[in-house]
Amino acid sequence: MTKLPFLKRRVLAWIINIALLVITFIILFTGYQGYQRLNTMVHTLEKSAEPNYNLLILKEVTFFINEMERTIDIYRNDLTPVYLRTFNDALEETHYLIDSLKNQTPSQESLELYDSLSYNIKEWAKIQTKMANVNSDLLGSTLEELTQKIQNLSNNPSQPNAQITPDADTLSAEEKKNGFFKRLFGRKNKVNEEALVPDSVDQGPTQSELLQREILAELEAAKTQSLKKNSELRFEIHQLEQEAAVYQEQIVALIEQLETIEIENSNENVRSVEALAKSTNQEIVVFSALSSALLLITIISQLNYIARNRKYQRALSNAKVHAEELASTKEKFLANMSHEIRTPMNAIAGFTNQLLKTDMTAKQRDQLEVVKNSSDHLIHLLNDILDLSKLQANKVKLEEEIFDIKSVLFESMRIFEDKAEAKGIALKTEFETVPRYVTGDPHRLRQMMTNLISNAIKYTDHGSVTLHAKVERKDNNQMTMRIAVKDTGNGIPKAKQKRIFEEFEQAHTADQQQGTGLGLAITNMLVRLHKGSILIDSEENKGTEMTLLIPYKLGRKNQKPEKEPKAPKIELSNLHILIADDEPFNLKLLEAVFSSHDVSLVLAHDGSQAYEQLANQHFDLAILDVKMPGLSGFEIVEKIRDEKGPNQSAPFIALTATISDQEKLQSKNSGFNSIMRKPFDEQELLATIQDVTQKKPDTNSKPKEPNASQLGLAAGEVLFDLSTLKSIGDKDFVDEMIHTFKQSANTSLKNLRKAVKLQIRNGISDEAHKMLPPARHLSAKTLVTAIEKLQNMANTASFEQISNQIDRVESIYTLIKKDLDA
Numbered sequence: 005m006t007k008l009p010f011l012k013r014r015v016l017a018w019i020i021n022i023a024l025l026v027i028t029f030i031i032l033f034t035g036y037q038g039y040q041r042l043n044t045m046v047h048t049l050e051k052s053a054e055p056n057y058n059l060l061i062l063k064e065v066t067f068f069i070n071e072m073e074r075t076i077d078i079y080r081n082d083l084t085p086v087y088l089r090t091f092n093d094a095l096e097e098t099h100y101l102i103d104s105l106k107n108q109t110p111s112q113e114s115l116e117l118y119d120s121l122s123y124n125i126k127e128w129a130k131i132q133t134k135m136a137n138v139n140s141d142l143l144g145s146t147l148e149e150l151t152q153k154i155q156n157l158s159n160n161p162s163q164p165n166a167q168i169t170p171d172a173d174t175l176s177a178e179e180k181k182n183g184f185f186k187r188l189f190g191r192k193n194k195v196n197e198e199a200l201v202p203d204s205v206d207q208g209p210t211q212s213e214l215l216q217r218e219i220l221a222e223l224e225a226a227k228t229q230s231l232k233k234n235s236e237l238r239f240e241i242h243q244l245e246q247e248a249a250v251y252q253e254q255i256v257a258l259i260e261q262l263e264t265i266e267i268e269n270s271n272e273n274v275r276s277v278e279a280l281a282k283s284t285n286q287e288i289v290v291f292s293a294l295s296s297a298l299l300l301i302t303i304i305s306q307l308n309y310i311a312r313n314r315k316y317q318r319a320l321s322n323a324k325v326h327a328e329e330l331a332s333t334k335e336k337f338l339a340n341m342s343h344e345i346r347t348p349m350n351a352i353a354g355f356t357n358q359l360l361k362t363d364m365t366a367k368q369r370d371q372l373e374v375v376k377n378s379s380d381h382l383i384h385l386l387n388d389i390l391d392l393s394k395l396q397a398n399k400v401k402l403e404e405e406i407f408d409i410k411s412v413l414f415e416s417m418r419i420f421e422d423k424a425e426a427k428g429i430a431l432k433t434e435f436e437t438v439p440r441y442v443t444g445d446p447h448r449l450r451q452m453m454t455n456l457i458s459n460a461i462k463y464t465d466h467g468s469v470t471l472h473a474k475v476e477r478k479d480n481n482q483m484t485m486r487i488a489v490k491d492t493g494n495g496i497p498k499a500k501q502k503r504i505f506e507e508f509e510q511a512h513t514a515d516q517q518q519g520t521g522l523g524l525a526i527t528n529m530l531v532r533l534h535k536g537s538i539l540i541d542s543e544e545n546k547g548t549e550m551t552l553l554i555p556y557k558l559g560r561k562n563q564k565p566e567k568e569p570k571a572p573k574i575e576l577s578n579l580h581i582l583i584a585d586d587e588p589f590n591l592k593l594l595e596a597v598f599s600s601h602d603v604s605l606v607l608a609h610d611g612s613q614a615y616e617q618l619a620n621q622h623f624d625l626a627i628l629d630v631k632m633p634g635l636s637g638f639e640i641v642e643k644i645r646d647e648k649g650p651n652q653s654a655p656f657i658a659l660t661a662t663i664s665d666q667e668k669l670q671s672k673n674s675g676f677n678s679i680m681r682k683p684f685d686e687q688e689l690l691a692t693i694q695d696v697t698q699k700k701p702d703t704n705s706k707p708k709e710p711n712a713s714q715l716g717l718a719a720g721e722v723l724f725d726l727s728t729l730k731s732i733g734d735k736d737f738v739d740e741m742i743h744t745f746k747q748s749a750n751t752s753l754k755n756l757r758k759a760v761k762l763q764i765r766n767g768i769s770d771e772a773h774k775m776l777p778p779a780r781h782l783s784a785k786t787l788v789t790a791i792e793k794l795q796n797m798a799n800t801a802s803f804e805q806i807s808n809q810i811d812r813v814e815s816i817y818t819l820i821k822k823d824l825d826a
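So, in structure tokens, the structure goes:
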């Protein structure tokens with residue numbers, strides 16, 4: 005029943021989504037169509053808004069026809085050729101315009117009309133030209149005939165006795181050139197002149213008179229003939245005018261018809277735009293309706309999404325709260341587990357170390373070594389789990405300090421020299437242009453390298469493990485270090501290489517490869533915390549290479565990390581101290597710590613006893629475990645600070661198995677002066693007590709340096725440094741390393757004396773080689789230099805010189821041992 009509504013909601017959601025897709029598609033299609041139509045409409049409107057050039061051209065055609073008619077009329081009256089040329093130019097322009105109209109007209113009907121118009125104009129122009137020619141011939145032909153007759157009369161006079169002067173017989177060339185009318189009137193003048201000349205003899209009509217009479221007669225005849233011919237020409241002109249009128253009417257009709265067609269085309273464009281606008285308006289209405297529907301569905305979907313999103317946010321918020329509660333529970337569980345496990349393990353490791361310092365049989369020592377190794381393994385496992393928890397909670401912060409990176413890498417390798425030697429594996433280091441000092445977190449680098457080298461040795465049965473370092477990239481004071489650990493071991497299968505960095509994941513599950521499976525996971529997280537990367541290159545049965553790419557800042561040139569001055573010996577005196585812990589082992593351990601100091605101790609086994617003691621008597625200092633039955637350390641301090649008792653302003657130190665950010669804040673808020681982690685470092689505890697109680701150290705108590713001047717050592721020279729060992733493990737680990745150093749050195753010195761006595765050079769070299777790793781672990785550089793010199797002298801120097809060098813090594817060791825025992 006609960007599943008059915010869920011299915012209905014899913015089906016409804018699918019229907020809504022499909023509807024949205026369909027409507028969106030329709031809207032897109034409709035919008036596109038509307039856009040196309042609007043674009044077409046705008047284009048048509050723009051085209052319609054332009055003037056109708058065909059109408060304008062037809063107007064120009066009409067203008068040129070009128071111009072042709074005007075110029076031909078003028079030509080008929082004035083026979084000037086320029087008017088005839090103007091007529092022909094207008095005719096050519098008219099035909100050009102009609103041809104351009106034909107090229108722009110797709111209609112067959114319009115093409116036929118334009119052809120007809122062109123033909124009629126052409127025929128009309130021919131008739132007009134013919135009419136002009138007829139008018140010019142009307143007068144010209146008559147005058148030409150009259151001129152010919154007069155010339156004949158002049159050349160053939162009718163009277164035989166006529167007196168003909170030389171001038172009368174032959175026309176001069178000038179007279180011929182002057183033309184008919186000039187010759188006619190010129191002769192008339194001559195006749196008149198001759199008439200004025202008196203003639204003594206009456207000879208009758210003279211030749212001139214006769215000629216004049218004949219001319220007048222011919223003129224009369226020419227007039228009569230001209231009238232007759234003029235009548236004929238006028239009739240012909242009338243006929244041509246009728247024909248021209250017919251063509252002119254057809255031209256006017258064609259032009260009007262063509263203009264009507266063009267106007268109708270313009271009106272058709274307007275009508276098509278109107279229809280297109282109507283259709284577009286309908287599509288816009290549909291588009292708007294669909295858009296409104298889509299908007300409505302979208303709003304509904306959004307409201308539904310917001311409602312579901314709020315529901316999911318509430319669920320996510322609840323899940324976050326639940327996750328935070330789980331994380332808090334996990335942190336509390338880890339803190340409790342650490343507290344419960346570390347307390348007995350601290351006691352086991354501490355008392356095991358104390359027993360190992362006593363005399364016992366070989367079998368007992370072997371059994372205690374097994375106990376110690378097992379406790380060390382459990383503490384290492386616990387540290388890995390706590391580190392992983394802090395990294396997952398993003399509570400690990402990197403330190404920024406200048407350190408010698410080469411020294412850190414060398415020390416990381418030296419720690420495993422004994423393990424490598426036990427398995428017959430060679431350890432190699434290769435450095436390429438590695439700067440000496442960089443700024444970063446040396447402790448986390450050492451932790452990463454320890455994990456990688458430990459894994460390499462663990463999975464390598466023969467061959468070597470090589471540490472290679474170089475600068476991958478460098479930019480001003482920034483650089484990226486490439487640090488690779490390469491082994492010749494079993495290799496990692498391809499299928500597991502992707503999972504190798506996951507928690508509790510191991511490349512092999514064989515019994516001989518024991519471990520927690522957290523080392524690479526922690527290393528990977530630390531690399532990411534450095535904003536670096538880790539690479540793996542492995543092949544089964546050939547080996548593995550793990551590469552770290554880590555960014556660092558370069559230290560300034562010649563800049564060295566500041567060395568902490570050797571802490572002066574701290575001796576506490578005149579202090580009344582309350583120690584409260586529910587574990588009797590811790591109480592006994594603290595009693596042992598304070599046994600060499602002039603202090604008085606009051607022990608409390610739970611919170612209620614501690615509060616009762618603090619409420620009734622004054623203490624110079626109270627050291628409280630934060631988790632005790634009855635009252636916790638936090639509750640005790642809060643109550644003491646709130647009450648006006650004898651210890652309201654007394655200093656308090658908290659002891660806890662894990663120091664989380666929450667515990668730090670809680671200890672500060674409750675009123676603790678300081679908080680320390682168990683197991684604690686004795687020197688650190690004493691320094692903290694000195695700080696909170698404001699007790700100054702005894703500066704007159706200085707470590708003695710027997711025979712320092714004889715060894716050529718500077719006064720106060722630091723012969724060893726335990727900071728590296730302390731950064732790797734806890735106090736038990738440091739004590740174990742110191743015990744191993746002392747035991748190894750004592751044995752090696754005895755063996756060296758025997759080898760010199762028996763003159764066995766190989767034995768001298770081997771024993772010197774065995775002394776080097778423990779000395780390097782303590783960073784005893786002076787002792788390391790002396791041992792290395794002894795090793796070099798083993799095969800070349802005399803035994804007396806070797807014996808003297810052994811004395812020097814033993815003297816330096818004695819000085820170190822005294823400082824360690826102090």
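First residue of the sequence shown? That's 5 in this note's numbering, and the numbers climb one at a time after it.
Backbone N, C-alpha and C fix where the C-beta goes; we use that ideal spot for every residue, glycine too.
- In the DSSP annotation of this structure, the continuous segment of the beta strand (DSSP E) that includes Glu476 starts and ends at 468-479.
- With 16 or more other Cβ atoms inside 10 Å of its own Cβ, Ser783 counts as buried.
- Within its own chain, the residues whose Cβ lies closer than 6 Å to the Cβ of Glu549, once the five positions on either side in sequence are excluded, are Ala488, Lys490, Asp541, listed in chain order.
- By the Cβ criterion, the segment 244-260 is not in contact with the segment 105-112, since fewer than three pairs of Cβ atoms, one from each stretch, lie closer than 8 Å.
- Secondary structure of Arg369 (DSSP, three-state): helix.
- Distance between Leu576 and Glu595, taken at the CA atoms: about 13 Å.
- Nearest to Val442 by alpha-carbon distance, out of Thr464, Asn480, Asp465, is Asn480.
- The beta carbons of Arg757 and Asn799 sit about 18 Å from each other, so the pair does not count as a contact at 8 Å.
- Spanning the alpha carbons of Lys668 and Arg369 requires a straight line of approximately 41 Å.
- In the DSSP assignment, Gly637 falls within the alpha helix (DSSP H) that extends over 637-646.
- When C-alpha distances from Ala499 are compared across Asn43, Glu544, Gln216, the shortest belongs to Glu544.
- Lys648 and Thr692 have their C-alpha atoms some 25 Å from each other.
- Cβ atoms of Leu628 and Leu579 stay farther apart than 8 Å, at about 16 Å.
- Shown here, Asp602 sits in a strand according to DSSP, grouped into three states.
- With respect to the 8 Å criterion, Ala658 and Gly634 are not classified as neighbours on the basis of their beta carbons.
- The C-beta distance from Leu449 to Thr28 rounds to 57 Å, too long to fall under 8 Å, and the pair is not in contact.
- A Cβ-Cβ separation of about 5 Å places Met452 in contact with Thr527 under the 8 Å criterion.
- Residue burial annotation: Trp18 is exposed, with fewer than 16 other C-beta atoms found within 10 angstroms of its C-beta.
- In the three-state scheme derived from DSSP, where H, G and I count as helix and E and B as strand, Ile816 is classed as helix.
- In the three-state DSSP reduction, Tyr463 falls in the coil class, being neither helix nor strand.
- Gln261 carries a helical assignment under DSSP once its states are collapsed to helix, strand and coil.
- The C-beta distance from Ala619 to Ala584 rounds to 13 Å, too long to fall under 8 Å, and the pair is not in contact.
- By alpha-carbon distance to Leu753, the top candidate from Met741, Glu740, Lys774, Asp739 is Lys774.
- Nearest in C-alpha terms to Ser537, of all of Phe435, Thr75, Leu553, is Leu553.
- Of the residues Asp119, Leu59, Leu244, Gly38, the one whose Cα lies closest to the Cα of Ser283 is Gly38.
- The C-beta distance from Leu794 to Ile810 rounds to 7 Å, short enough to meet the 8 Å contact threshold.
- It is roughly 9 Å from the alpha-carbon of Thr786 to the alpha-carbon of Val722.
- For Asp541, DSSP records a beta bridge to Glu549.
- In this structure, the straight-line span from the alpha carbon of Ala221 to that of Glu240 is close to 29 Å.
- By the Cβ test, the segment 454-462 is in contact with the segment 408-427, since at least three Cβ pairs between them sit closer than 8 Å.
- Inclusion of Thr744 and Pro778 in the CB contact set at 8 Å is warranted, their separation being smaller than that value.
- Taking the Cβ atoms as the reference, Phe656 lies roughly 13 Å from Asn673, outside the contact range of under 8 Å.
- The criterion of a C-beta distance shorter than 8 Å is not satisfied by Leu237 and Ile131.
- For Gly444, the enclosing beta strand (DSSP E) covers residues 441-444.
- Pairing Arg41 with Leu320 gives a Cβ-Cβ distance that is not under 8 Å.
- Closest in alpha carbon position to Thr470, among Ile461, Lys478, Met485, is Ile461.
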